[in-house]
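Asker: Residue numbering for the sequence shown follows the working numbering, starting at 10 and increasing by one per position.
Here it is, the structure in full.
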Amino acid sequence: MNEPFSYDVEGAIFIRFAMVGRPVLNGLAAKGQRRRRDPYSATLFARDIVQSLRRQIGFRRQGEPVDDAAVEEFLATVIWDIPVEDFVVLVGIDATRRDAVKRVISKRLAERLTAEFEIFPAPAFYHGHTGTGPLGPRK
């Protein structure tokens, strides 16, 4: 009955690479209009990842729930620490290298996230076990 909870954090982060806007990746690769790395791009990408993950899971640190802002700040720092060369490959033409780097970065982010926070099931919109839906119980 009480099976251990498992969630594919790495896979969810990998999917976010496909969904995040090109300007965000360009900002991390120093390939945007200013030709410099943009720290706000790391914040935007972290926010996108956390919002996506929070649809299904929650985060705890030492048994206490952690708000999304703390997770976003931690993740933005981890994203910013990734070498610019990896992000340059992400905005490049070669899809094989792009996917390989996406997989490596996704794994690295997932490992850091799960090392820092405990992950637990916390759907953002819970209908209950009866399937009552958002409008309340059926009559």
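We put the CB at the ideal spot given by N, CA and C, even for glycine.
At which residues does the beta strand (DSSP E) containing arginine 117 begin and terminate?
Answerer: Segment 104–125 is the alpha helix (DSSP H) holding arginine 117; no beta strand (DSSP E) there.
Asker: Let's test the definition: count the other Cβ atoms within 10 Å of the Cβ of arginine 25 and tell me whether it reaches 16, buried, or not, exposed.
Answerer: That one is buried.
Asker: Quick one: using the 10 Å Cβ neighbour count with 16 as the cut-off for buried, is serine 50 buried or exposed?
Answerer: Buried.
Asker: Taking only runs of the beta strand (DSSP E) that begin and end inside the region 72–105, which ones reach a length of at least 3 residues, in chain order?
Answerer: The qualifying runs do not exist here; there are none.
Asker: Let me make sure I understand the geometry here. Which of Ser115, Gly101 and Arg121 has the alpha-carbon closest to that of lysine 40?
Answerer: That would be Gly101, whose Cα lies nearest to the Cα of lysine 40.
Asker: Apart from the five residues just before and just after proline 21, which ones in its own chain have a Cβ nearer than 7 Å to its Cβ?
Answerer: Looking at the sequence shown, residue 21 is not proline but alanine. Answer for alanine 21: Ser61 and Leu62, listed in chain order.
Asker: Within 10 angstroms of the Cβ of aspartate 57, are there 16 or more other Cβ atoms? Answer buried if so, exposed if not.
Answerer: By the neighbour-count rule (16 or more Cβ atoms within 10 Å), aspartate 57 is buried.
Asker: Terminal residues of the continuous beta strand (DSSP E) containing arginine 31?
Answerer: Looking at the DSSP string, arginine 31 is not in any beta strand (DSSP E); the run it does join, the alpha helix (DSSP H), is 31–37.
Asker: Beta-carbon separation of valine 87 and arginine 121 under 8 Å?
Answerer: Taking 8 Å as the Cβ cut-off, valine 87 and arginine 121 qualify as a contacting pair.
Asker: Kindly indicate which three-state DSSP category glutamate 26 falls into: helix, strand or coil?
Answerer: According to the sequence as given, residue 26 is phenylalanine; it is not glutamate. Note: phenylalanine 26 maps to helix in three-state DSSP.
Asker: Go ahead and pull the three-state DSSP assignment for proline 132.
Answerer: Note: proline 132 maps to coil in three-state DSSP.
Asker: With burial defined as no fewer than 16 other Cβ atoms inside 10 Å of the residue's Cβ, what is the status of serine 15: buried or exposed?
Answerer: Serine 15 should be labelled exposed.
Asker: In this structure, how does DSSP classify arginine 56 when only helix, strand and coil are distinguished?
Answerer: In the structure shown, arginine 56 sits in a helix (DSSP, three-state: H, G or I).
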